[in-house]
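Novice:
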Amino acid sequence: MSSPLSALMETMEVMMGMEEMVVETSKEEDDSSSPPGDTPALSPGPCTESGQDDNWGETTTAVTGTSEHSLSQEDIVRITKDLEDSVGLDCRRYFTLTLAVVLGLLVFLTPLAFLVLPHLLWPDKLLVCGTACEGLFISVAFKLLILLLAVWALFFRAPRAGLPRVFVFRALLAVLVLLFVVSYWLFYGVRILDSQDENYQGIVQYAVSLVDALLFIHYLAIVLLELRQLQPAFSVSVTRSTDGETRQYNLGQLSIQRAALAIMENYYRDFSVHNPALLTASKSRAAKHLAGLKVYNVDGEFPATPTTGPGNNAATGLAHSQSRAMIAAAARRRDTNHNELYYEEAEHERRVRKRKARLVVAVEEAFTHIKRMQEEEQKKAPGDVMDPREAAQAIFPSMARSLQKYLRTTRQQHCHSMESIQQHLAFCITNNMTPKAFLESYLTPGPTLQYGRERWLARQWTLVSEASVTSGLKEGAIFLLKCIDFSLVVTVKRIPYIQLSEEFIDPKSHKFVLRLQSETSV
Numbered sequence: 001m002s003s004p005l006s007a008l009m010e011t012m013e014v015m016m017g018m019e020e021m022v023v024e025t026s027k028e029e030d031d032s033s034s035p036p037g038d039t040p041a042l043s044p045g046p047c048t049e050s051g052q053d054d055n056w057g058e059t060t061t062a063v064t065g066t067s068e069h070s071l072s073q074e075d076i077v078r079i080t081k082d083l084e085d086s087v088g089l090d091c092r093r094y095f096t097l098t099l100a101v102v103l104g105l106l107v108f109l110t111p112l113a114f115l116v117l118p119h120l121l122w123p124d125k126l127l128v129c130g131t132a133c134e135g136l137f138i139s140v141a142f143k144l145l146i147l148l149l150a151v152w153a154l155f156f157r158a159p160r161a162g163l164p165r166v167f168v169f170r171a172l173l174a175v176l177v178l179l180f181v182v183s184y185w186l187f188y189g190v191r192i193l194d195s196q197d198e199n200y201q202g203i204v205q206y207a208v209s210l211v212d213a214l215l216f217i218h219y220l221a222i223v224l225l226e227l228r229q230l231q232p233a234f235s236v237s238v239t240r241s242t243d244g245e246t247r248q249y250n251l252g253q254l255s256i257q258r259a260a261l262a263i264m265e266n267y268y269r270d271f272s273v274h275n276p277a278l279l280t281a282s283k284s285r286a287a288k289h290l291a292g293l294k295v296y297n298v299d300g301e302f303p304a305t306p307t308t309g310p311g312n313n314a315a316t317g318l319a320h321s322q323s324r325a326m327i328a329a330a331a332r333r334r335d336t337n338h339n340e341l342y343y344e345e346a347e348h349e350r351r352v353r354k355r356k357a358r359l360v361v362a363v364e365e366a367f368t369h370i371k372r373m374q375e376e377e378q379k380k381a382p383g384d385v386m387d388p389r390e391a392a393q394a395i396f397p398s399m400a401r402s403l404q405k406y407l408r409t410t411r412q413q414h415c416h417s418m419e420s421i422q423q424h425l426a427f428c429i430t431n432n433m434t435p436k437a438f439l440e441s442y443l444t445p446g447p448t449l450q451y452g453r454e455r456w457l458a459r460q461w462t463l464v465s466e467a468s469v470t471s472g473l474k475e476g477a478i479f480l481l482k483c484i485d486f487s488l489v490v491t492v493k494r495i496p497y498i499q500l501s502e503e504f505i506d507p508k509s510h511k512f513v514l515r516l517q518s519e520t521s522v
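Residues 1 to 522 (UniProt numbering) are what the sequence shown spells out, left to right.
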């Protein structure tokens, strides 16, 4: 009988065999299809669109290549886990939607069933419904219509995000509504269906009371879901782990997962786009400085020997003094690194100003050419007028080289493609914008939402918290929002209690008397 361990070993051997077959197949395809001089194409950065060429300002030649793809055991496990998680999220979302629809239908059909069942089961025994009873029908109809619109406005909205846990207050309201409707059905079955009550007006009043109670529950839902969180109670500090950019936000009484959702919505609006290329220079500089620094262990390199004597002691002392001198020289070289950093940053700023000046001149000349073309086209026939898209493509080559050099100098070339720049240029031409308005998107880094359309994909962020994500915010709570490249560190502080006092100022204290003397020194 095979044990679970042997079965696991067989599965691992099968995976290893699949990995070797994939690697060999990819190597054979690469050897047979690619020439010897070709190199694999680099994968785009986090802000790069698929198919983007970094040399769009100098050439439009498309360079293609083949790359080797292999799967390891960890990759197979990760892919399997991702597929399971995606299937689980989809099932949970559809299950929640189905449950909400079923509960909604039960709520809205219950009052109608209370009114219809007596006419179907014992119509001959019912008393005649008078004017007051018929007026209650109108009341039930309008109250159900109001309840339907209110439920649609509060609950049936497009979900903004997928949360890891259920919303506690919404789940409690759903359970409350379910228990409430079941209780009404039990009372209706025992006191009305079993006894076949003949007082139809009383049955209608019973259905009206159910609708009134449902309206009060909807009011409770508005208080718990919308009004409770409006008053600020906490101040959260959000810090990006890579560059230290920090923002402060005021939040109300929210759970950790809903506070994380509010922070993410503000992050895409307020934080500048995360550019990993800006961190590359500092990392390379630190690696170069560490490589030039040598550390000597005096006690470790010259261990004591069992033989003693004046010659041995003198040699050991000389070696120790030489080592200390080398350490001091290395420390002096390290102290001069700040000069290198200063001149490097000054040179970079000079290059940025130079590229910026060239870019501004090139864009102004291009927009001047556009105005000249527009004046000439006004004299032409309506069918010969150039489209804004065609105008953008016509003037783009005159500014493409300067723009690409500036983006490379500021390390933004991965965040802007040629297609996106042409679309922005056509947008500016259509709305008669100035060259400064066109350049603002490239001279000043914008918010994250301006660049990354794919950053709104589900399951991109991971919430890490020691406390339960369904618990409320507390003083000193800390949790993380992790992404692929960085993480957001969130620190919670309670807004302090503010005590205001009043100080009364007598209006008469502001009055003064100006006394003029008749005699002067003149």
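A virtual CB, placed ideally from N, CA and C, is assigned to each residue, including glycine.
Which full runs of the alpha helix (DSSP H) of 4+ residues lie inside the segment 129 to 205, going along the chain?
Specialist: Runs found: 131 to 154 and 168 to 188.
Novice: Quick one: what does DSSP say THR242 is sitting in, helix, strand or coil?
Specialist: Coil.
Novice: Using CA coordinates, which residue listed in ARG228, LEU176 and THR242 is at the minimum distance from GLY252?
Specialist: Answer by Cα proximity: ARG228.
Novice: Could you check the C-alpha separation between LEU136 and VAL128 for me, to the nearest Å?
Specialist: Computed Cα separation, rounded: 14 Å.
Novice: For the segment 477 to 486 against the segment 215 to 231, do three or more pairs of beta-carbon atoms, one drawn from each stretch, fall closer than 8 Å, so that the two count as touching?
Specialist: With the cut-off at 8 Å, the segment 477 to 486 and the segment 215 to 231 do not touch.
Novice: How big is the Cα-Cα spacing for residue 523 and GLN412?
Specialist: Because the chain in this structure spans residues 1 to 522, residue 523 falls outside the shown range and cannot be described.
Novice: As a quick exercise: from VAL361, ILE395 and SER441, pick the residue whose alpha carbon is nearest that of MET373.
Specialist: It is ILE395.
Novice: With DSSP as the reference, label TYR268 as helix, strand or coil.
Specialist: Residue state, collapsed to three classes: helix.
Novice: Check whether the Cβ atoms of VAL492 and GLU475 sit closer than 8 Å, and answer yes or no.
Specialist: Going by C-beta atoms, VAL492 is nearer than 8 Å to GLU475.
Novice: Do you know how far the Cα of LEU215 is from the Cα of HIS119?
Specialist: Straight-line Cα distance between these residues: approximately 26 Å.
Novice: I'd like the span of the beta strand (DSSP E) that includes PHE438, first residue to last.
Specialist: Unbroken run through PHE438 is the alpha helix (DSSP H), 435 to 443; no beta strand (DSSP E).
Novice: Would you mind giving the Cβ-Cβ distance between ILE429 and ALA400, rounded to the nearest angstrom? I have them listed as a contact below 8 Å.
Specialist: Between ALA400 and ILE429 the Cβ distance is about 16 Å, and since that is not below 8 Å, they are no contact.
Novice: Give me the Cα-Cα distance between THR60 and LEU359, rounded to the nearest whole angstrom.
Specialist: In this predicted model, THR60 has a pLDDT of only 42, less than 50, meaning its place in the structure is not dependable; the value taken from the coordinates is given anyway. One C-alpha to the other measures close to 20 Å.
Novice: Under 8 Å between C-beta atoms, does GLN257 make it to chain B?
Specialist: Included in the structure is just one protein chain, with no chain B present.
Novice: Where does PRO507 sit, in a helix, a strand or coil, going by DSSP?
Specialist: PRO507 falls in the helix class under three-state DSSP.
Novice: Secondary structure at ASN339, three-state DSSP: helix, strand or coil?
Specialist: Correct three-state label for ASN339: helix.
Novice: Starting from SER398, trace the alpha helix (DSSP H) both ways and give me its first and last residue.
Specialist: Note, SER398: alpha helix (DSSP H), 388 to 409.
Novice: Nearest CA to the CA of ASN275: which residue from ASP124, PRO447, SER195 and PRO397?
Specialist: Nearest option by C-alpha distance: PRO447.
Novice: By DSSP's criteria, THR96 is part of a beta bridge. Which residues make up the other side?
Specialist: None, per the DSSP bridge assignment.
Novice: In the structure shown, what three-state DSSP assignment does SER420 receive?
Specialist: Here SER420 sits in helix by DSSP.
Novice: Mind checking PRO159: buried by the 16 CB within 10 Å criterion, or exposed?
Specialist: When all chains shown are included, PRO159 counts as exposed.
Novice: If LYS356 sits next to LEU443, beta carbons under 8 Å apart, how far is it from one beta carbon to the other, in whole angstroms?
Specialist: Going by Cβ atoms, the distance from LYS356 to LEU443 rounds to 7 Å, so yes, they are a contact pair.
Novice: Return the Cβ separation of GLU377 and MET386 in integer angstroms, given the expectation that the two are a contact with Cβ distance under 8 Å.
Specialist: With 8 Å as the limit, GLU377 and MET386 qualify as a contact, their Cβ atoms being about 6 Å apart.
Novice: Can you give the beta carbon distance from ARG389 to ALA426, rounded, assuming they're within the 8 Å contact cut?
Specialist: That pair is a contact at about 5 Å.
Novice: When the distance is taken between beta carbons, is LEU144 closer than 8 Å to PRO111?
Specialist: Yes. Within cutoff.
Novice: So, at 8 Å on beta carbons, what are the nonlocal neighbours of GLU265 in its own chain, with the 5 sequence-adjacent residues on each side left out?
Specialist: ARG160, listed in sequence order.
Novice: Looking only at its chain, what residues have a beta carbon closer than 8 Å to the beta carbon of LEU154, apart from the 5 residues adjacent to it on each side?
Specialist: Counting only Cβ-Cβ distances below 8 Å, and skipping sequence neighbours, we find HIS218, ALA221, ILE222, LEU225 and GLU226.
Novice: With DSSP collapsed to three states, give me the class of VAL469.
Specialist: Three-state result, VAL469: coil.
Novice: Among PRO445, ILE478 and SER255, which one has its Cα closest to the Cα of TYR268?
Specialist: Comparing Cα positions, the closest option is PRO445.
Novice: When the Cα atoms are used, what is the spatial distance from VAL236 to ALA113?
Specialist: Answer to the nearest angstrom: the Cα atoms are 50 Å apart.
Novice: Would you list the residues sitting across from TYR249 in a DSSP beta bridge?
Specialist: According to DSSP, which records beta bridges pairwise, TYR249 is partnered with VAL236.
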